[in-house]
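Here is the structure we will look at, set down as structure tokens.
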Amino acid sequence: MAGNPTLVDANKDRIRCREVQTVTDDTVLTLTGDSISSSHHQFGFGIGPGCPLTSFDGRGMPGNNGVYSYGRRYFDMNGSIVDYDNYARTGYGTGDIIAGRAGPDACGNAWGRVASPLGLATARIAKAKADGHDAYHATTGGVNNTNWTTVLTRLAICRALEFAGETLNPYGVFRFEWAAVGGKQGIVTNGGGCNFWLDLPVGEDYYINIGVPRYDGPAQYAGVTADATTIVNSLLAAGADKVVWMLYYDITPANVDVGQYAWAKLRSLLPTGMQSYLPAAPVSTLQPLIDPLWVGSVRGVINDLNWAVQLGVPFDPAVRVAFPPPFTPSDLQITQEGGSPHPSPAGQDKLANALAGVLNGM
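Start counting the sequence shown at 66; every next residue gets the next number (our numbering).
Structure representation (structure tokens):
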């Protein structure tokens, strides 16, 4: 790869490799996409910028752990893969895959490459074909074209504050309410917010408001569809033998340790002098990330987003979409912010098996 800056940079995202035993039958695997492919693994309740308590691989970029990803797990399953390169980044939309990103990813990491993720992937695929290898590619993408991540994060904060008001309230000074048209049930796609107070016995009360934006997916779906077509056609033009677009899974089974998250989040929001109103230590309590009132709306968002992707994926014998495996609570992380609803190790294994099933059937 020496002498070609794009190929040199493509090699910086190599996660695993094997010694080439034969030219025939050997395969290069490349990934693009968002935090599902990158992948975003949060092992604690890190609150604040830069994704604290979030894992990373040898590249040193929190939120992007190609070793944790379903891509590495598929590499381990398929002994014919000689290179596995992961160009996915947490927070990237389909436009970022195509054109690159001037600013940092969702965890504050600069892109730092001479070409876009798609540019690196197509260069690596072309090189693989020139060397006599097969070239497989997998991708995710589309959710970060919308504001769904922001909506979900704000809803999780409100759920945490609701729990704090009901449970982490030893002095009886916390008060919470939902503020949305249609109340709590209507907030998922319509937006709104929540309010949290400290009703202090002496001095002024302390007030926290969390705004939840209206979901903007319907305005973005046409762009997702068009970008999916561009991405897949570019991969095919570079010579990819098999391209798989991984669709989004149902996140409604996700649990979150709302007790630890509420405690950590409220400590970050309260002035130092008011943190004493919290219990001395967090109370570990698992609850659904998605309130039962929201399950239908959330599944509708995921289905609509997947449909927008499918409309854009070209009909070609070398291309497939991978329908998501059914997830259970153990397949999803329980941490916030940035953990749930990303896959746990068990969830990444299920995604790897889904990818293998599709590739084997092509």
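No residue lacks a Cβ here, since even glycine has one placed at the ideal position from N, Cα and C.
Note that the coordinates shown come from a computational prediction; the quantities given were computed from them, not determined experimentally.
For residue i, name the three-state secondary structure that DSSP assigns.
| i | result |
| --- | --- |
| Pro408 | strand |
| Pro117 | coil |
| Met66 | Because the pLDDT at Met66 is just 47, under 50, the model does not fix this residue reliably, and the value given afterwards should be weighed accordingly. The answer is coil: DSSP assigns Met66 none of H, G, I, E or B. |
| Leu300 | helix |
| Val88 | At Val88, the pLDDT of 49 sits below 50, so the modelled position is not reliable and the matter cannot be decided from this model. |
| Phe140 | helix |
| Thr400 | coil |
| Ile273 | strand |
| Trp328 | helix |
| Ala200 | strand |
| Leu420 | helix |
| Asp185 | Just to set this straight, residue 185 is Leu in the shown sequence, not Asp. It is helical. |
| Thr317 | coil |
| Met311 | strand |
| Arg124 | coil |
| Asp322 | strand |
| Val289 | helix |
| Ala387 | strand |
Starting from residue i, follow the alpha helix (DSSP H) in both directions and report where the run begins and ends.
| i | result |
| --- | --- |
| Glu227 | Trp213 to Glu231 |
| Asn260 | Per DSSP, Asn260 belongs to no alpha helix (DSSP H); it is in the beta strand (DSSP E), Gly257 to Leu263. |
| Ile112 | Neither: Ile112 is in no alpha helix (DSSP H) and is coded neither H nor E. |
| Ser100 | Ser100 to Ser103 |
Pick out whichever of the options has its Cα sitting closest to the Cα of residue i.
| i | options | result |
| --- | --- | --- |
| Gly365 | Ala419, Thr254, Gln401 and Gly324 | Thr254 |
| Asp161 | Gly113, Pro408, Ala221 and Thr204 | Thr204 |
| Tyr135 | Asp90, Leu94, Leu376 and Arg189 | Leu94 |
| Gly257 | Gly230, Trp328 and Cys223 | Cys223 |
| Pro114 | Cys172, Tyr152 and Ala245 | Cys172 |
| Pro394 | Gln285, Gly184 and Asp322 | Asp322 |
| Val297 | Arg385, Phe110, Gly111 and Lys415 | Arg385 |
| Gln413 | Gly165, Asn130 and Arg138 | Arg138 |
| Cys259 | Ile275, Leu265, Val246 and Val267 | Ile275 |
| Glu231 | Ile367, Thr350 and Asn371 | Thr350 |
| Asp78 | Leu416, Glu402, Gly125 and Ala327 | Gly125 |
| Val216 | Trp176, Ser362, Leu416 and Ala383 | Ser362 |
| Tyr152 | Ala175, Met142 and Ser181 | Ser181 |
| Trp243 | Leu416, Leu263, Asn234 and Leu220 | Leu220 |
Quick one: measure Cβ to Cβ for residue i and residue j, integer angstroms, because I've assumed they're closer than 8 Å.
| i | j | result |
| --- | --- | --- |
| Gln107 | Thr400 | 5 Å |
| Val378 | Trp310 | 5 Å |
| Ala387 | Leu358 | About 30 Å; that fails the 8 Å criterion. |
| Ile433 | Tyr149 | Beyond the ends of the chain as shown, which are 66 and 427, falls residue 433; an answer cannot be given. |
| Val277 | Ile316 | Val277 to Ile316, Cβ: 17 Å. No contact. |
| Val179 | Thr97 | About 16 Å separates the two Cβ atoms, so there is no contact after all. |
| Asp292 | Asn212 | Between Asn212 and Asp292 the Cβ distance is about 17 Å, and since that is not below 8 Å, they are no contact. |
| Phe429 | Phe228 | Missing from the structure shown is residue 429; the chain here goes from 66 to 427 and no further. |
| Pro347 | Phe392 | That pair is no contact at about 26 Å. |
| Phe121 | Asn130 | 5 Å |
| Gly128 | Leu118 | About 11 Å; that fails the 8 Å criterion. |
| Ala373 | Tyr286 | 4 Å |
Which first and last residues belong to the beta strand (DSSP E) in which residue i is found?
| i | result |
| --- | --- |
| Asn151 | Ile146 to Asn151 |
| Asp161 | Run containing Asp161: none in the beta strand (DSSP E); it sits in the alpha helix (DSSP H), Thr159 to Ala164. |
| Ile80 | Arg79 to Cys82 |
| Trp176 | Note, Trp176: premise wrong, no beta strand (DSSP E); not H, not E. |
| Phe241 | Phe239 to Ala244 |
Relative to the ligand SAH, is the shortest distance from any of its heavy atoms to the C-beta of residue i smaller than 7 Å?
| i | result |
| --- | --- |
| Lys249 | Looking at this structure, you won't find the ligand SAH or any other ligand, since it has none at all. |
At a Cβ threshold of 8 Å, is residue i touching chain C?
| i | result |
| --- | --- |
| Arg385 | The question asks about chain C, but that chain is absent: this structure has only one protein chain. |
Runs of 3 residues minimum, wholly inside the stretch 350-383: which ones carry the beta strand (DSSP E) assignment? 351-353
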